[in-house]
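Here the sequence shown is numbered in the working numbering, starting from 118 and rising by one per residue.
Heads up, the beta-carbon is just placed ideally off N, CA and C, and yes, glycines get one too.
Predicted model, so just to flag it, every value in this text is computed and none were measured.
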Amino acid sequence: MEDQNLPHHTSQPPSTEDQNHCTTSDQQLQNLNLPKVLLHGPPGFSSVLQPPYSQKFHLLNPSSLPLHQFAATHPHHCATVAAVLCDGGYPLTLDMLSLLPSLRLVVTASAGTDHVDIDECRRRGIQVAGAGNLFSEDVADLAVALLIDVVMKISAADRSLRKRHVDSRAITLASKVSGKRVGIVGLGRIGLEVAHRLEALECMVSYNSRKQKPFVPYPFYSTVLELATNTNVLVLCCSLNDQTRHIINREVMLALGKGGVIVNVGRGALIDEKQLFNCLMEGEIGGAGLDVFENEPLVDEHFFSLDNVVLSPHAGFSTLDSYLAICQLLGLNLEAFFSNNPLITPVI
């Protein structure tokens with residue numbers, strides 16, 4: 118006979134809280150077996166790594182804490198981080214690299230690597246991958262767009278119209294783009310793309326680079342000063358290093374001449390910005406189109422009052438096509454490294 122005093126057990130489904138706890142625990146256990154990748158970028162930077170790649174790595178610092186702050190609160194993670202995924206505006210200095218003793222790979226979402234201590238990475242045997250030539254066409258498009266805008270005073274005319282009046286000087290004192298003598302500083306992939314676009318506009322192209330390029334039809338000048346003396350537009354496409362910092366100084370600006378235009382899609386510190394502002398104010402050069410700035414993300418507010426300057430927020434790579442492509446490239450480089458395959462776009 119059944120004992121009526123025995124408790125009657127029934128099967129109950131687990132609560133939502135229990136399910137969530139199990140799911141979280143399972144995810145944590147799964148993450149323990151995945152390579153640790155530290156995110157070093159702006160808020161929302163974690164979105165650059167999309168499935169399936171985001172599911173192949175244990176992503177740390179999705180809330181985008183400053184690296185020193187993350188290291189102070191998560192020392193156990195920093196001790197075993199294998200890779201850093203970083204944005205171009207977020208430095209990886211010697212001090213920062215020292216916080217990551219197990220680091221073996223840096224993948225940056227930028228074409229330039231001046232924000233990464235490459236020498237220290239090389240000394241530590243840390244591999245570095247960048248964006249390669251992914252942004253070259255977009256940056257070249259923007260360089261030419263900035264030149265056209267400055268020379269033809271498009272933005273200045275736009276501002277006049279928005280104020281409900283047309284300042285005729287903003288339009289009639291514009292200049293032609295065709296026929297301009299344009300000097301390109303840095304004839305790499307971006308510089309070549311700029312040159313091809315300028316040829317279509319019937320500009321006369323010349324260049325300066327570390328050395329003369331074989332099989333290039335454009336005149337070569339061994340110094341930037343000599344290039345400026347023989348042109349009325351300079352387009353800066355070179356990388357930033359100790360040799361190129363402030364390569365565009367007052368002497369170069371004066372050599373360019375009163376109608377001269379400077380377009381910078383390289384790095385902000387290629388130009389001595391204080392001297393650029395002075396030359397623009399004094400009428401020593403005609404105008405400037407700037408996509409990069411010496412103290413990014415800060416922009417010298419003195420430029421805001423100048424109608425002969427067109428400003429762009431480092432947007433040369435900001436197209437939907439390139440964003441989707443860089444998301445995939447970052448994942449491919451991480452996947453290649455952790456599969457013991459060569460990097461897709463190696464820097465070192």
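Just to confirm, is the Cβ distance from L309 to G406 under 9 angstroms? Position 192 of the sequence shown, counting from 1, holds the residue named residue 309. Position 289 of the sequence shown, counting from 1, holds the residue named residue 406. Contact: no.
Return the first residue and the last residue of the alpha helix (DSSP H) that L211 is part of. Numbered from 1 along the sequence shown, position 94 holds the residue referred to as residue 211. Counting along the chain, the alpha helix (DSSP H) containing L211 begins and ends at L211 to S215.
Taking the alpha-carbon positions, what's the P179 to E316 distance? The residue you call residue 179 lines up with position 62 of the sequence shown. The residue you call residue 316 lines up with position 199 of the sequence shown. Straight-line Cα distance between these residues: approximately 45 angstroms.
State the Cα-Cα distance for the pair S253 and G433, rounded to the nearest angstrom. Along the sequence shown, one-based indexing puts residue 253 at 136. Along the sequence shown, one-based indexing puts residue 433 at 316. Answer to the nearest angstrom: the Cα atoms are 9 angstroms apart.
First through last residue of the beta strand (DSSP E) which encompasses T225: The residue labelled residue 225 in the question sits at position 108 within the sequence shown. Where T225 is concerned, the enclosing beta strand (DSSP E) stretches over L222 to T225.
Quick test of your reading: I388 and E411, contact by CB under 8 angstroms. State the CB separation rounded to the nearest angstrom. Position 271 of the sequence shown, counted from the start, is the residue given in the question as residue 388. Position 294 of the sequence shown, counted from the start, is the residue given in the question as residue 411. The beta-carbon separation of I388 and E411, rounded to 7 angstroms, stays under the 8 angstroms limit for a contact.
Can you tell me where the beta strand (DSSP E) with R298 in it begins and where it stops? For the purposes of this step, residue 298 is identified with residue 181 of the sequence shown, where counting begins at 1. That run of the beta strand (DSSP E) goes R298 to V302.
Take M370 and list the residues in its own chain whose beta-carbon comes closer than 8 angstroms to its own, dropping the five residues that flank it on each side. Residue mapping note: residue 370 aligns to position 253 of the sequence shown, counting from 1. The residues are A345, G377, I379, Q392, L393, C396, E401 and I402.
Just how far apart, CA to CA, sit S227 and I243? Working through the sequence shown from its first residue, we reach residue 227 at position 110. Working through the sequence shown from its first residue, we reach residue 243 at position 126. Approximately 17 angstroms, taken between the alpha carbons.
Sequence-distant residues of the same chain with beta carbon closer than 7 angstroms to H194, five excluded per side: Position 77 of the sequence shown, counted from the first residue, corresponds to residue 194. Excluding residues within five positions, the ones whose Cβ falls inside 7 angstroms are K153 and L177.
To the nearest angstrom, how far is it from the Cα of A76 to the Cα of K173? The chain is shown from 118 up to 465; residue 76 falls before or after that span and cannot be answered.
Which term fits S439, buried or exposed, when burial requires 16 or more other beta carbons within 10 angstroms of its beta carbon? Taking the first residue of the sequence shown as 1, we reach residue 439 at position 322. Label assigned to S439: buried.
Where do the ends of the alpha helix (DSSP H) carrying G60 lie? The structure shown does not extend to residue 60, since the chain is modelled only from 118 through 465, so no value can be given for it.
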